[in-house]
Amino acid sequence: MCLVAVTTTMGRFRVTTTRLLVLCALLAVVSTRYCVVSFQQVYDRPGRNNNNAFFLRTTSAATTATASTTTPSLSFTSSKQVTGSPILLQSALADGDADNNDDPSSAEAEPTSTPADHPYEYDLAVIGAGPVGVQAALLAASTAHKKVILIDAPRASGQLLNTQTNEDLSIGGPTGLFSKALRDAAKRIKVPTLRGMGLREDSIWNEITGVCVDLASFNAKDCRRQLEYAGVTLVEGYAEFEDGKGSHTLVVSPDNDGSSSKGETSVVTTDKVLIATGSRPFQPADIPFDGVRVFDSDSINGLKFLPKSVVITGSGIVAIEFAKIFSNLGCEDVTLLIRDNSPKNALMKIGLDKDIAATLVADIIRSGIKIQRACEVDQIEVPTAAGSSTSTTTPGKNSFLTPLKITLKAKGGTECRPANCVQEIKADAYIAAVGRIANTEKLNLPAANIEMDEYGGIKVDSKLRAVGPVDGNVYGAGDVLGRPFLASTGVAQGVATVRNMFPMDMPFMKDSITADVSCSIEDEKEGRCMKVEDELLSMAAACDPTSLVANPFAFPVGVWSSPEAAYYGLSMSQAKEMGIDAGEGISLYAECLRGLVFSPNGLLKLVFQKSTGRIVGVHICGEDACELIHYGMELVKTKRTVTDVASSLFSAVTYHEMYQIAAKSCMDPKAARKRRVEAGRALSKRRRNSSQMS
Ligand SMILES: Cc1cc2nc3c(=O)[nH]c(=O)nc-3n(C[C@H](O)[C@H](O)[C@H](O)COP(=O)(O)OP(=O)(O)OC[C@H]3O[C@@H](n4cnc5c(N)ncnc54)[C@H](O)[C@@H]3O)c2cc1C
């Protein structure tokens, strides 16, 4: 663009010079795109892929350009199906970018590595290109100017793939990307309206998945563009430590379960290693997962039809998210199976405040989602064209006409479901969202002497350094470390590891991503609250999983149900447990004008320390809660009081006005309660009227 500007202002004489410059830039682009990384070939490694004769290949511009013109569609690929070579993807940007004036592949976008003081090919090898691996690789390459290789296998348990273009849409995106896209599609596409217009079910589903493909594809392209710009070498393949070579040598192969017969295995030597291989869903035994009608929370990405009825096991964030998604997509019969007696208790176990949990449960029930309590799945019968079967089935047209038969058994023998009670329900599709486990089993961790925790995650110290390797050069970040299994905390860990690896190259970065959370709860009389501050700060500074999950100030939590739920800081019960004399102030969405008009269901709650008025927790359930929580987080972090918020001027007509209403209610709880009762009555009347009219 700069060149174009120069050309127009300086006249014809300069055109020739400009063309020469453009030609030079193009040559630089071409040479960057087609450079091939030299990998040492390994043919005779004992016990591992000895028969493989893989080869490295670049993604050709022609292939991607042609493919991108066809209609996109989503597919799920299991790891067993993924075969082929480790692919050098650094040039994968070629599709459609040839005429992009902002093409970053110019001379200045060359890898900016400083001379290495070690004998290895790379300064850093990152394993896994989820959000954590990608962000860490970008930071190390662009800020610390390191020579970085990013190795990514197709998703261990499920891959978002554009079947038309063969493009891996999951790169750089969280595993939850599909659910977010589906949620967005459910908001934009009104399925009942399309059905009313006579559209066929498969056309409606194509419309919905089209929206998801667009979103995921945009994210994947942007991610590749950024990696190329930063000079990160991107390679597709499974990485594992090499036997007998310690913690600096990785073997990259297309498929390390031995089922592949073609391709090439390569060796990468590196100074540091970051393991960011993420997690996969836990699959309870005896459930016939087939990725066709019986899914886990990853393989659901490959759903090929719009079910009319869905059964979901789980009471965590993911289960609720999917229940609301399918309900909003016009699914007539959605059932949640929970082990607890009370759905509210189940939600409180994942950290929600009791009133927020109650609001969410009320909304789930209002939207027609059924809740089966105190139960678990005993058996699932998957019908096939030939007849019923409990084993995995291949999709056949006929089998979809017959629903799954799901037998429930009591869990715990409680009052609401006696021990011997067996129940059968039917559904088009089943999803288990019952927790996740770390992806470590294919890394050959013993070769690098890396220790694992009791759940199979990588054991790390407070600097996120893997426990075990003699050189202390291996780090871990994200889901592979276990709870809290969030993209936000994982990325913070990824940033922290890069900073811990290369402190001298990142002097301007803060010592810790969370150390500036000044969350002291001063209560001189008790003294113990000061202790809370010290503990929180020292734990938060490490960013390690133990600190993160134990620290209520470490990160905000968002539940992408609709309405959303989110919280930051302490709940009333947590504050009490810590010995803080706390109070709370509430505002209903129906009490602020924007809420009343657009989205009246929900509430915002401030938890505050009575002696000082300091806000120590914020809890929201309602429209945009996952956005609104960040203002609440700043109030807590900057030690603002309810008086500060009550006397601030808020813009009308916004949801933020609820913060002021809640702050005022802390000061005059009696009057506030009366106002809420009035607002609640008016809302119920409005609901009754609108249901009568419809
Ligand atoms: C339905 C759902 C909804 C969610 N919603 C949210 C949310 O709202 N907010 C939030 O913060 N988080 C959410 N999450 C969690 C979030 O998606 C994860 O925490 C995040 O994706 C973890 O990132 P990661 O980079 O650690 O791992 P992943 O995203 O799992 O990426 C790891 C990568 O490593 C690759 N890999 C594995 N083994 C190897 C190997 N041996 N060699 C090379 N590569 C390998 C995998 O194939 C994968 O590409 C949700 C998750 C789900 C399932």
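Per the numbering used here, the sequence shown runs over residues 178 to 871.
Here a beta-carbon is modelled for each residue, glycine too, at the ideal position from N, C-alpha and C.
Practice prompt. Locate the alpha helix (DSSP H) running through aspartate 389, then write down its first and last residues.
Written response: Locating residue 389 in the sequence shown gives position 212, counting from the first residue. First, the residue type needs correcting, since residue 389 is cysteine and not aspartate in the sequence shown. It spans 378-407 - the alpha helix (DSSP H) in which cysteine 389 sits, taken as one unbroken run.
Worksheet item: For valine 854, which three-state DSSP category applies?
Response: What you label residue 854 is simply residue 677 of the sequence shown in a count that begins at 1. The answer is helix: DSSP assigns valine 854 an H, G or I state.
Discussion item. Please tell me whether glutamate 419 and valine 444 are closer than 8 Å, where the distance is taken between their beta carbons.
Written reply: For the purposes of this step, residue 419 is identified with residue 242 of the sequence shown, where counting begins at 1. For the purposes of this step, residue 444 is identified with residue 267 of the sequence shown, where counting begins at 1. With a cutoff of 8 Å on beta-carbon distance, glutamate 419 and valine 444 are scored as near each other.
Discussion item. Between which residues of its own chain and leucine 770 is the CB-CB distance below 8 Å, once the five residues before and five after are set aside?
Written reply: As a first step, residue 770 must be located in the sequence shown, where it is residue number 593. Correct list, in chain order: Ala829, Val830 and Glu834.
Practice prompt. Kindly list the residues whose CB is nearer than 6 Å to the CB of serine 394, restricted to its own chain and excluding five residues on each side of it in sequence; keep chain order.
Written response: By 1-based counting over the sequence shown, the position of residue 394 is 217. Only Leu346 meet the Cβ criterion.
Worksheet item: Between Val469, Asp300, Ala849 and Leu812, which lies nearest to phenylalanine 785 when the distance is taken from Cα to Cα?
Response: Here residue 785 is taken as the residue at index 608 of the sequence shown, counted from 1. The residue with the shortest Cα to Cα distance from phenylalanine 785 is Leu812.
Practice prompt. Name the residue from Glu741, Arg817, Ala727 and Val795 whose alpha carbon lies nearest to the alpha carbon of valine 495.
Written response: Counted from its first residue, the sequence shown places residue 495 at position 318. Comparing C-alpha distances from valine 495 to each of Glu741, Arg817, Ala727 and Val795 shows the shortest one belongs to Glu741.
Fill in: Sub-8 Å separation of alanine 523 and valine 511 beta-carbons
As a first step, residue 523 must be located in the sequence shown, where it is residue number 346. As a first step, residue 511 must be located in the sequence shown, where it is residue number 334. Annotated as distal: alanine 523 and valine 511, with beta-carbon spacing of 8 Å or more.
Practice prompt. Verify whether the separation of the beta carbon atoms of alanine 397 and isoleucine 348 is less than 8 Å.
Written response: Stepping through the sequence shown from its first residue, residue 397 is reached at position 220. Stepping through the sequence shown from its first residue, residue 348 is reached at position 171. Taking 8 Å as the cut-off, the beta carbon of alanine 397 is found closer than this to the beta carbon of isoleucine 348.
Discussion item. Taking the beta carbon of serine 334 as the centre, do at least 16 other beta carbons fall within 10 Å, making it buried, or is it exposed?
Written reply: As a position in the sequence shown, residue 334 is number 157, starting the count at 1. Its pLDDT being 42, under 50, serine 334 is placed unreliably in this model, and the coordinates cannot settle the point.
Fill in: Residue nearest to methionine 681 in terms of C-alpha spacing, selected from His295, Thr320, Gly307 and Gln312
Your numbering for residue 681 matches position 504 in the sequence shown. The option with the nearest alpha carbon to methionine 681 is Thr320.
Worksheet entry | Close beta carbons around tyrosine 632, own chain, < 6 Å, minus the five adjacent residues each side | Translated into positions along the sequence shown, residue 632 becomes position 455. Answer for tyrosine 632: Gly659, listed in chain order.
Practice prompt. List the endpoints of the continuous beta strand (DSSP E) containing phenylalanine 499.
Written response: Position 322 of the sequence shown, counted from the first residue, corresponds to residue 499. Counting along the chain, phenylalanine 499 falls outside any beta strand (DSSP E), though it belongs to the alpha helix (DSSP H) covering 494-505.
Worksheet item: DSSP three-state call for alanine 759: helix, strand or coil?
Response: On the sequence shown, residue 759 is found 582 positions in, with the first residue counted as 1. Three-state DSSP puts alanine 759 in a strand.
Practice prompt. Verify whether the separation of the beta carbon atoms of leucine 514 and valine 554 is less than 8 Å.
Written response: Sequence index remark: in the sequence shown, residue 514 carries index 337 (1-based). Sequence index remark: in the sequence shown, residue 554 carries index 377 (1-based). Yes. Within cutoff.
Item to complete: Label histidine 425 either buried or exposed according to how many other C-beta atoms from any shown protein chain fall within 10 Å of its C-beta, with 16 as the threshold for buried.
Response: Here residue 425 refers to the residue found at position 248 of the sequence shown. Around the Cβ of histidine 425, a 10 Å sphere holds 16 or more other Cβ atoms; the residue is buried.
Discussion item. Can you give me the C-alpha to C-alpha distance between asparagine 866 and aspartate 463, rounded to a whole angstrom?
Written reply: Within the sequence shown, residue 866 is the residue found at index 689, counting from 1. Within the sequence shown, residue 463 is the residue found at index 286, counting from 1. When rounded, the distance between both Cα atoms is 48 Å.
Practice prompt. State buried or exposed for valine 599, treating a residue as buried only when at least 16 other CB atoms are found within 10 Å of its CB.
Written response: In the sequence shown, residue 599 corresponds to position 422, counting from 1. Label assigned to valine 599: exposed.
Item to complete: Work out the CA separation of leucine 354 and glycine 573 for me, nearest whole Å.
Response: Residue 573 sits at position 396 when you count from the first residue of the sequence shown. Residue 354 sits at position 177 when you count from the first residue of the sequence shown. Unreliable placement is indicated for glycine 573, whose pLDDT of 45 sits below 50; the coordinate value is still reported in the next sentence. About 28 Å.
Worksheet item: Between the stretch 850-860 and the stretch 791-804, do at least 3 Cβ pairs fall closer than 8 Å?
Response: Contact fails: fewer than three Cβ-Cβ distances are below 8 Å.
Practice prompt. Please work out which residues of its chain come closer than 8 Å, Cβ to Cβ, to proline 846, disregarding the five sequence neighbours upstream and downstream, and give them in chain order.
Written response: The residue you call residue 846 lines up with position 669 of the sequence shown. Counting only Cβ-Cβ distances below 8 Å, and skipping sequence neighbours, we find Gly760 and Gly762.
Item to complete: Please find out if some non-hydrogen atom of ligand 1 comes closer than 7 Å to the beta-carbon of glutamate 498.
Response: Here residue 498 corresponds to residue number 321 of the sequence shown, with the count starting at 1. At least one heavy atom of ligand 1 is nearer than 7 Å to the Cβ of glutamate 498, so yes.
Worksheet item: Do three or more CB pairs link the stretch 322-330 to the stretch 474-487 at distances below 8 Å?
Response: No, the stretch 322-330 does not touch the stretch 474-487.
Worksheet item: So, is valine 668 buried or exposed, given that buried needs 16 or more other C-beta atoms within 10 angstroms?
Response: In the sequence shown, the residue the question calls residue 668 occupies position 491. Under this definition valine 668 is a buried residue.
Item to complete: Report the three-state DSSP secondary structure of aspartate 467 (helix, strand or coil).
Response: Residue 467 sits at position 290 when you count from the first residue of the sequence shown. In the structure shown, aspartate 467 sits in coil (DSSP, three-state: anything other than H, G, I, E or B).
Worksheet entry | alpha helix (DSSP H) segment containing serine 842, residue limits | In the sequence shown, counting from the first residue as 1, residue 842 sits at position 665. Segment 834-844, the alpha helix (DSSP H) holding serine 842.
Discussion item. Between Met683, Leu585, Gly653 and Ser504, which has its C-alpha nearest threonine 617's C-alpha?
Written reply: Counting from 1 along the sequence shown, the entry for residue 617 is found at position 440. Looking at the Cα atoms, Gly653 is the closest of the given residues.
Item to complete: Use the C-beta contact count for proline 369: other C-beta atoms within 10 angstroms, 16 or more gives buried, fewer gives exposed.
Response: If you number the sequence shown from 1, residue 369 lands on position 192. The residue in question, proline 369, is exposed, as its Cβ has fewer than 16 Cβ neighbours within 10 Å.
Practice prompt. With DSSP collapsed to three states, give me the class of valine 259.
Written response: Within the sequence shown, residue 259 is the residue found at index 82, counting from 1. Its pLDDT being 29, under 50, valine 259 is placed unreliably in this model, and the value from its coordinates should be taken loosely. Of the three classes helix, strand and coil, the one that applies to valine 259 here is coil, per DSSP.
Worksheet entry | Span of the alpha helix (DSSP H), counted from its first residue to its last, around threonine 536 | Here the question's residue 536 lines up with position 359 in the sequence shown. Start and end: 531-543.
Fill in: Sequence-distant residues of its chain with Cβ nearer than 7 Å to isoleucine 627 (five each side left out)
Within the sequence shown, numbered from 1, the residue matching residue 627 stands at position 450. So the qualifying residues of the chain are Ile635, Ala643, Gly645, Pro646 and Val651.
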